[in-house]
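Participant:
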Amino acid sequence: MMGALIIARKDYRSFFNSAVAYVITALFIFLMSWMFFQILSTYASRSFMMMMQGGGAPNMNLNEYVFAPHFGNVNVVLLIMIPALTMRLLSEEKKSRTMDLLMTSPITSTEIVVGKILAGCFLTWTILAFLSIYPLSTKLFAQFDKGPIITSFIGLALLSGVYVSMGVFASSLTENAIIAYFVAFVISLFFWVIGWASASMDGPVAQAVFNHLSIVSHFSDFAKGMINTSGIIYYLSLIVFFGFLTQRSLESSRWR
Amino acid sequence: MIEISHLTKKYGNIMAINNISFSVQKGEIVGFLGPNGAGKTTTMKIITGFMAPSSGVAKVAGHDVFENPIEVKKRIGYLPETPPVYSDMLVKDYLEYVARLKKMPSNKITKGVEQALEKTNLTQVHKRLIGNLSKGFRQRVGIAQALVHSPEVLILDEPTVGLDPKQVIEIRNLIKGLAGEHTVILSTHVLPEVTATCKRIIIINKGEIVAEDTFEGLSSRMSDTRRFYVRVRRPANFEGHIKSVSGVRSFKFANNSFEVELDKSDDSNEKLSEVVVKSGAGLLEFRAVDVSLEDIFLKLTTTDTGGVA
Ligand SMILES: Nc1ncnc2c1ncn2[C@@H]1O[C@H](COP(=O)(O)OP(=O)(O)OP(=O)(O)O)[C@@H](O)[C@H]1O
Ligand SMILES: [Mg+2]
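As given, the protein sequences belong to chains A and B, one line each in that order. The working numbering puts the first residue of the first sequence at 1, with every later residue one more than the last. The working numbering puts the first residue of the second sequence at 1001, with every later residue one more than the last.
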C-alpha cells in the first residue's frame, strides 16, 4: 500500500499548491459561519422569549437546538462541496495522459484507488477541522454536552469518506471534470433520498431496509451522540463498494 | 530481455496489430518503424502493461506482463506519445514523485533525479513549473521521467518529437549511450533517427511486421542492383554509350546528370566506369547512390511486396 500513500501525498499537496483548495475552504467557512450565526441567533431570541413567558432560566438544550441543525447543514454543504474536490482526481489524470504513468508504474490499480480516496479524505478532513471553531467558541459563553459534538465529527468524517469514494468513482468514468461533478452529486444525493422510499413501503422489513440504505438516517444517530455501529459498518462498506467499482473502471481501460 | 509472441490487439473491429512476434536481446537498441496507424504505440502499450492484448504473450526479463505486472513494470521506463507530466508540479518534484512510484530505494532518489536532469539537460529548469515549459522541454521531462530509476528496459514512443536539432542529436547520443546496460525499443517516423541510434530495425505496417534486420541487411536484401550517379559536361549523345554497357537495367536523365541502375556485379561496374571515361563526354562526377532507408521503408510499406523478412 506504499503506492497509495505516495499518490495520496502528492495529490494532497497539489490541492494546496493551487488556489482552488483555499477558495473552497474560505467559501465553506464563510457559509458555515453565516448559517451557524443564524441558528444561534434564532436560538437566543427563542430562549429569551421563553424566559419572559415562563420565568426562570431557559432549559433549551444547545446540542439539540443549535449543534444538531448545524451539523445537518454541514452535511448538506458537504454533499455539494465534496464532488467539487474529487471531480478532477482521476478525470484529470486521464485527460492529461498521466494515467499512462500510473498504469505503467509498479503499483496495483487498487493502490491507485486507495491513494485517490485517501487524498480526498485527508483534504475534506482538513477542511472539517475548521468546524471545531464553532463548538470551541460557543464553549466560551455557554454550557453544552461534548459527547454529541464528538460523535457528530466522527459521523461527518465517515460520511465525507462515503462522498469522496462516490466522487472518485464518478471521476474515473470520464475525462470531463464537470461531468464527474454532476455524476458524483447525483449518486450522493440518491443515497440521501433512497430512504424516502421507506415511507411508501408496506412491510416493516422493507421500510427498515430502505431506512438503513439512507446515509442521512444513520447520521442523525451520530448527531444525537450515539456511536451507531451498523451506521459505521454501512458507511465503510459503501466506501469499499465504490472503491471496488472505481478499481474495475480503471482496469476496464486495459481491455478496451 | 523482451519476448513478444503472437501478439494481437483488436479495438472493436479494428485490428491494430496482428500476430506480431519478435524478441530483443539484453543491451540491444531496436528501432520500431512504421507509417501512422501501423500499431507501434499499441505494441508498446502492451509491452509496458498499460493495455492487455487480445491474444498472445509479452514477456520482459522472463516475466509475463499480465501474470506478473509488478515485476515487469519495475524494470521498465516508458515514454508515451504524450509525456505524462503534471503541469502544476516543479520539474524536480515531479521526477522525485516518479522515482517513488517506480519503487526506487529512497536513498537513491536524489542521485537518480540529479542524473536524469543532467542527462536530459534540464538542470537549469529543475525549479520551474512544468506547465510553463515549452513543448520541447516538456518532452525532455518525459524522457527524464523514463530514465529516472535507471530501468533495465526503456520503451520510448517517438522520443525526439518536438526537440530542436541540437537536442535531437544529444538525445540520440544519450540513447546510443544506453546500449549495453539498457535494452531500448524506440519508435519513430524519422528515418535518420533509426540509422543513427539503432542496431536493428523492425518495420511494421498495418499491424504486421514486414521486415526485421540490421540496416545493412535490409538494404542489401532490398535489391539486386546498384545505382550510380553520373554527371558529365557534354551529355548530348552520352545516352548511347551507357546503353552499350551490358548489365544496365535502366537509366534516367535529369539536370545534366544520369542515374544508372546496374546489375549487382563488379564486372558491369568496371565496364560502366570504363565506358564513361572513354566516351569523352567530360566526366564531372561519378558515385554510387546508397539505397536509403526511405526507399526501403516506402517500398515495404506502400506496395504489397511484404514478406521480405
Ligand atoms: N483507443 C483506440 N480505439 C480504437 N482504435 C485505436 C485506438 N488506438 C489506436 N487505434 C487504432 O489502432 C491502429 C494502430 O494505432 P497505433 O496508435 O498503435 O499506431 P502508431 O503506429 O503508433 O501510429 P502513429 O505513428 O500515428 O503514432 C490505428 O489504426 C488506430 O486507429
Ligand atoms: Mg504512435
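Beta carbons are placed, not taken as given, at the ideal position from N, Cα and C, and that holds for glycine.
Kindly examine ligand 2 and report whether one of its heavy atoms sits closer than 8 Å to the Cβ of residue 1243 of chain B.
Facilitator: Incorrect: residue 1243 of chain B has no Cβ contact closer than 8 Å to ligand 2.
Participant: Tell me which same chain residues have a C-beta within less than 8 Å of the C-beta of residue 1010 of chain B, skipping the five on either side of it?
Facilitator: 1016, 1054, listed in sequence order.
Participant: Where do the N-terminal and C-terminal ends of the alpha helix (DSSP H) with residue 130 of chain A fall, by residue?
Facilitator: Per DSSP, residue 130 of chain A belongs to no alpha helix (DSSP H) and is neither H nor E.
Participant: Which residues in chain A sit within 8 Å of residue 1151 of chain B, going by Cβ to Cβ distance?
Facilitator: By Cβ distance, chain A contributes nothing, its closest Cβ being about 10 Å from residue 1151 of chain B, past 8 Å.
Participant: Would you say the beta carbon of residue 1035 of chain B comes nearer than 8 Å to a heavy atom of ligand 1?
Facilitator: Checking the Cβ of residue 1035 of chain B against ligand 1 gives yes.
Participant: Does the beta carbon of residue 107 of chain A sit closer than 9 Å to a beta carbon anywhere in chain B?
Facilitator: So yes, residue 107 of chain A belongs to the interface.
Participant: Taking only the alpha-carbon atoms, compute the straight-line gap between residue 65 of chain A and residue 181 of chain A and give it to the nearest angstrom.
Facilitator: Roughly 33 Å between the two C-alpha positions.
Participant: Going by C-alpha to C-alpha distance, which of B:1063, B:1031, B:1057 sits closest to residue 1001 of chain B?
Facilitator: With distances taken between Cα atoms, residue 1001 of chain B lies closest to B:1063.
Participant: Measure from the C-beta of residue 50 of chain A to each C-beta in chain B and report whether the shortest distance is under 9 Å.
Facilitator: No, no contact with chain B.
Participant: Identify each residue in the segment 155-174 of chain A for which the Cβ-Cβ distance to at least one residue of chain B is less than 7 Å, and report them in chain order.
Facilitator: Those residues of the segment 155-174 of chain A that come within reach of chain B (Cβ to Cβ, closer than 7 Å) do not exist; the list is empty.
Participant: Quick one: residues in its chain with C-beta nearer than 6 Å to the C-beta of residue 114 of chain A, no 5 flanking neighbours on either side, listed in chain order?
Facilitator: If we look at residue 114 of chain A and ignore the five residues flanking it on each side, its Cβ neighbours are 4.
Participant: Leaving out the 5 sequence neighbours to the left and right, which residues in its chain are closer than 6 Å to residue 177 of chain A when beta-carbon positions are compared?
Facilitator: Counting only Cβ-Cβ distances below 6 Å, and skipping sequence neighbours, we find 87, 88, 91.
Participant: With DSSP as the reference, please indicate the residues paired to residue 1252 of chain B in a beta bridge.
Facilitator: Paired residue(s): B:1259.
Participant: Using DSSP with H/G/I as helix, E/B as strand and the rest coil, what is residue 984 of chain B?
Facilitator: Residue 984 of chain B lies beyond the residue range present for chain B, which begins at 1001 and ends at 1309; the question has no answer from this structure.
Participant: Please work out which residues of its chain come closer than 7 Å, Cβ to Cβ, to residue 1005 of chain B, disregarding the five sequence neighbours upstream and downstream, and give them in chain order.
Facilitator: Same-chain partners within the cutoff: 1021, 1056, 1057.
Participant: Can you tell me the Cβ-Cβ gap for residue 1101 of chain B and residue 107 of chain A, rounded? I've got them flagged as a contact below 8 Å.
Facilitator: Confirmed, about 7 Å.
Participant: Spell out a yes or no on whether the segment 1179-1192 of chain B and the segment 1117-1136 of chain B are touching, meaning 3 or more CB-CB pairs, one atom from each, closer than 8 Å.
Facilitator: The segment 1179-1192 of chain B vs the segment 1117-1136 of chain B: no contact.
Participant: Who are the near neighbours of residue 252 of chain A in its chain, counting only those whose CB is closer than 8 Å to its CB and skipping five residues on each side?
Facilitator: Taken in chain order, the list of residues that qualify is empty.
Participant: Look at the alpha carbon of residue 109 of chain A and the alpha carbon of residue 68 of chain A, and state the distance between them as a whole number of angstroms.
Facilitator: Using only the alpha carbons, I get a separation of about 39 Å.
Participant: Could you please tell me which residues of the segment 1047-1064 of chain B, in chain order, have their CB closer than 7 Å to any CB of chain A?
Facilitator: So the list reads 1048, 1049, 1050, 1051, 1052, given in the order they occur along the chain.
Participant: Just the C-alpha distance for residue 1214 of chain B and residue 1246 of chain B, rounded to the nearest angstrom, thanks.
Facilitator: Going by the C-alpha atoms only, they are around 32 Å apart.
Participant: State the DSSP-derived secondary structure class of residue 227 of chain A, mapped to helix, strand or coil.
Facilitator: Looking at residue 227 of chain A - three-state DSSP - the assignment turns out to be coil, as it is neither helix nor strand.
Participant: Threshold first: 4 residues or longer. Then list the alpha helix (DSSP H) segments lying entirely within the segment 118-204 of chain A, N to C.
Facilitator: Taking only runs of at least 4 residues, the alpha helix (DSSP H) segments lying wholly in the segment 118-204 of chain A are 133-138, 146-172, 177-193.
Participant: Quick check on the burial criterion: 16 or more other C-beta atoms within 10 angstroms. Buried or exposed for residue 1157 of chain B?
Facilitator: That one is buried.
Participant: Can you list the residues of chain A that residue 1041 of chain B reaches, using a CB-CB cut of under 8 Å?
Facilitator: Residues of chain A passing the Cβ test: none, with the nearest at roughly 11 Å.
Participant: Just verifying my parser: in three-state terms, what is the DSSP assignment at residue 1051 of chain B?
Facilitator: Here residue 1051 of chain B sits in coil by DSSP.
Participant: Sorry if obvious, but does the Cβ on residue 1187 of chain B come closer than 8 Å to a heavy atom of ligand 3?
Facilitator: Judged by which ligands are present, ligand 3 is missing from the structure shown, whose ligands are ligand 1 and ligand 2.
Participant: Apply the 10 Å Cβ neighbour rule to residue 1137 of chain B and answer buried if 16 or more other Cβ atoms are within range, or exposed otherwise.
Facilitator: Classification for residue 1137 of chain B: buried.
Participant: What's the gap between the Cα of residue 1107 of chain B and the Cα of residue 81 of chain A?
Facilitator: Cα to Cα, residue 1107 of chain B sits roughly 40 Å from residue 81 of chain A.
Participant: Tell whether a beta-carbon distance below 9 Å holds between residue 1225 of chain B and residue 1031 of chain B.
Facilitator: No; because the gap between Cβ atoms is not below 9 Å, this pair is not in contact.
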